[in-house]
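Throughout the sequence shown, residue numbering follows numbering that gives the first Met the number 0, covering 0 to 381 in sequence. Where a beta carbon is used, it is the ideal one built from N, C-alpha and C, also for glycine. A short write-up of the structure that comes next.
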Amino acid sequence: MLILVVNCGSSSVKYDLLDAEKESSLCRGAVTRIGEEASELIYEVNGKGKIEKKVVCADHHQAIEIVRDALTDPEGGVLSDVNEVVGVGHRVVHGGEEFSASTLIDADVIKSIEKFSELAPLHNPPSLEGIKGCMESFKDAPQVAVFDTAFHHSMEEHVFHYGIPYEYYKKYGIRKYGFHGTSHRYVSGKAAELLFRPLEELNLITVHLGNGCSMAAVSGGKSIDTSMGFTPLEGLLMGTRCGDIDPAVVTFLVHREGLSVDEVNDLLNKKSGLLGLSGVSNDMRDILKAIDEGNEKARLAYNVFMYRIKKYIGAYAAVLGKVDAVVFTAGIGENEPRIKDDMEEELRPFLGGGTEFLTISTNEELLIAKDAREIITEKINK
Ligand code: AMP
């Protein structure tokens, strides 16, 4: 069963065509610089090299047409007919409090995704465009939404509430939602496979360290706490995001630096984290290189990054009671063994010998394709 997985960002559409049974990718690529003068289509057909083309692409809707045409192109495409795509799985960032699992998209689901655009203004609107585009370009294929927030739906009330007047929860839905749910769910399942134990029996701490960083405490396959919050800004130090901070810093900067609220928001999301502290880069590879060259601020940024992870592992160990494994994943987590090794060395005396430290490659696209296959198969069999 061929499933197209679509991930719409603010100016890009990433896609991956997967065989959901064989769990393999046939072709993956991206339309980037959407809305700019020269947009680009980059894709890679399994086993063949990368192809890059300049394209004209005004919006996400048009980007989907470009993807469809590339997939069915008689020369470089992998499909002879668009109907070979049996279903489309969409990564949607925010499903609010409504979605605890992936779901078949209908008019009501579209309305809900629209409603939650207020909570994810940079992410949900492009996803909606992508969904609407796919409903036209792949009109016979059922569309499935897979939410970043859904896995954390299992958090209890006392975990997700902030200590602000209750009315703002009721009025605007201000609470912790958590993100990267598909990645935390995927590596949790993989950890169970690697440990040859049922997921239902395991207590895991999953550590997703990519451009964005987040952690989850996972008990019996359910997320019971996670470090990102109302937005992805909370929690760990990230490439350019500050993570946990005293909210009074915001008001202080507004008053003392004369910054607007939007400017402070920009500062905390795009100019902070590893980049802001080190002044070197948001990329961990550059930070590690600078440390080796004796750069003190890069060392400080690394130490802050590591300390936060350690602190959250300690907190989640207290919450879980026992920890069967700490799992590292995503760009930094998968590629930089120093992080896992340093953390293991520091935490081994605290966690004891029973805790495994694992590195597992995340594969959100595959989980989205598998969810879509399951939901579509159920629909067909009804
Ligand atoms: P992701 O968001 O999962 O794609 O992760 C992207 C981040 O992974 C980049 O910003 C890099 O900081 C980091 N990264 C990728 N490769 C390496 C590597 N070999 N060593 C350390 N960090 C890496």
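The ligand AMP heavy atom lying under 8 Å from the CB of residue 335: The count along the sequence shown starts at 1 and reaches residue 335 at position 336. Flag set: Cβ of residue 335 near the ligand AMP.
CB contact flag (residue 330, residue 209, <9 Å): As a first step, residue 330 must be located in the sequence shown, where it is residue number 331. As a first step, residue 209 must be located in the sequence shown, where it is residue number 210. Yes, Cβ-Cβ distance for residue 330 and residue 209 is below 9 Å.
Distance, residue 263 Cα to residue 25 Cα: The residue you call residue 25 lines up with position 26 of the sequence shown. The residue you call residue 263 lines up with position 264 of the sequence shown. Distance between the alpha carbons of residue 25 and residue 263 is about 43 Å.
Residue 233 burial status per 10 Å Cβ neighbour count (16 or more: buried): Looking up residue 233 in the sequence shown gives position 234. Flag for residue 233 reads buried.
With 16 other Cβ atoms within 10 Å as the buried cut-off, status of residue 139: As a first step, residue 139 is located in the sequence shown; it is residue number 140 there, counting from the start. So residue 139 counts as exposed.
CB-CB length for residue 387 against residue 216, believed under 8 Å: What the structure shows of the chain is the stretch from 0 to 381, and residue 387 is not part of that stretch, so it cannot be assessed.
Distance, residue 251 Cα to residue 292 Cα: Residue numbering aside, residue 292 sits at position 293 when the sequence shown is read from its first letter. Residue numbering aside, residue 251 sits at position 252 when the sequence shown is read from its first letter. Taking the straight line from one Cα to the other gives about 35 Å.
beta-carbon residue 329 near the ligand AMP non-hydrogen atom, thresh 8 Å: Translated into positions along the sequence shown, residue 329 becomes position 330. Yes.
Endpoints, beta strand (DSSP E) assigned at residue 15: The residue given as residue 15 occupies position 16 in the sequence shown. Note, residue 15: beta strand (DSSP E), 12-18.
Residue 375, DSSP secondary structure in three states: Counted from its first residue, the sequence shown places residue 375 at position 376. In the structure shown, residue 375 sits in a helix (DSSP, three-state: H, G or I).
Straight-line gap, residue 317 to residue 200 (C-alpha atoms, nearest Å): Translated into positions along the sequence shown, residue 317 becomes position 318. Translated into positions along the sequence shown, residue 200 becomes position 201. Going by the C-alpha atoms only, they are around 17 Å apart.
Anticipated Cβ contact below 8 Å, residue 214 with residue 306, distance rounded: Residue 214 sits at position 215 when you count from the first residue of the sequence shown. Residue 306 sits at position 307 when you count from the first residue of the sequence shown. No, residue 214 and residue 306 are not in contact; Cβ-Cβ is about 13 Å, not under 8 Å.
Distance cut-off 8 Å: residue 281 Cβ against heavy atoms of the ligand AMP: Here residue 281 is taken as the residue at index 282 of the sequence shown, counted from 1. At least one heavy atom of the ligand AMP is nearer than 8 Å to the Cβ of residue 281, so yes.
Residue 194 versus 36, 359 and 381, residue with shortest Cα-Cα distance: Residue mapping note: residue 194 aligns to position 195 of the sequence shown, counting from 1. The shortest Cα separation from residue 194 among 36, 359 and 381 belongs to 359.
The region 155-162 contacting the region 336-344, beta-carbon criterion three pairs below 8 Å: no
Span separating the alpha-carbon of residue 370 from that of residue 328: As a position in the sequence shown, residue 370 is number 371, starting the count at 1. As a position in the sequence shown, residue 328 is number 329, starting the count at 1. For residue 370 and residue 328, the distance between alpha carbons rounds to 21 Å.
Nearest-angstrom Cα separation, counted from residue 333 out to residue 238: As a working note, residue 238 is residue 239 in the sequence shown. As a working note, residue 333 is residue 334 in the sequence shown. C-alpha separation (whole angstroms): 16 Å.
Whether residue 126 touches residue 92 by CB criterion (9 Å): Translated into the one-based positions of the sequence shown, residue 126 becomes position 127. Translated into the one-based positions of the sequence shown, residue 92 becomes position 93. A contact, by the Cβ cut-off of 9 Å.
Same chain only: Cβ atoms within 7 Å of residue 56, ignoring 5 sequence neighbours per side: In the sequence shown, the residue the question calls residue 56 occupies position 57. Same-chain partners within the cutoff: 30, 33, 38, 62 and 65.
Boundaries (first-last residue) of the beta strand (DSSP E) holding residue 204: As a first step, residue 204 is located in the sequence shown; it is residue number 205 there, counting from the start. Start and end: 202-208.
Sequence-distant residues of its chain with Cβ nearer than 6 Å to residue 273 (five each side left out): Position 274 of the sequence shown, counted from the first residue, corresponds to residue 273. The residues are 238, 281, 286 and 300.
Span separating the alpha-carbon of residue 241 from that of residue 268: The count along the sequence shown starts at 1 and reaches residue 241 at position 242. The count along the sequence shown starts at 1 and reaches residue 268 at position 269. Cα to Cα, the separation comes out at about 7 Å.
Closer than 8 Å: residue 298 CB and nearest the ligand AMP heavy atom: Locating residue 298 in the sequence shown gives position 299, where the first residue counts as 1. Outside the cutoff, so no.
First and last residue of the uninterrupted alpha helix (DSSP H) at residue 43: For the purposes of this step, residue 43 is taken as residue 44 along the sequence shown, with counting starting at 1. Here residue 43 belongs to no alpha helix (DSSP H); instead the beta strand (DSSP E) covers 38-44.
Whole-number beta carbon distance between residue 364 and residue 182, since they are thought to touch under 8 Å: Counted from its first residue, the sequence shown places residue 182 at position 183. Counted from its first residue, the sequence shown places residue 364 at position 365. That pair is no contact at about 11 Å.
Secondary structure of residue 52, DSSP reduced to three states: Counting from 1 along the sequence shown, the entry for residue 52 is found at position 53. Residue 52 falls in the strand class under three-state DSSP.
Inter-residue CB distance, residue 222 and residue 235 (contact presumed, cutoff 8 Å): By 1-based counting over the sequence shown, the position of residue 222 is 223. By 1-based counting over the sequence shown, the position of residue 235 is 236. With a Cβ gap of about 16 Å, residue 222 and residue 235 do not count as contacting.
Environment of residue 277 [buried if 16+ CB atoms lie within 10 Å]: For this step, residue 277 is matched to residue 278 along the sequence shown. Residue 277 comes out buried.
Any beta strand (DSSP E) of 3 or more consecutive residues that is wholly inside the region 292-368: 324-328 and 355-358
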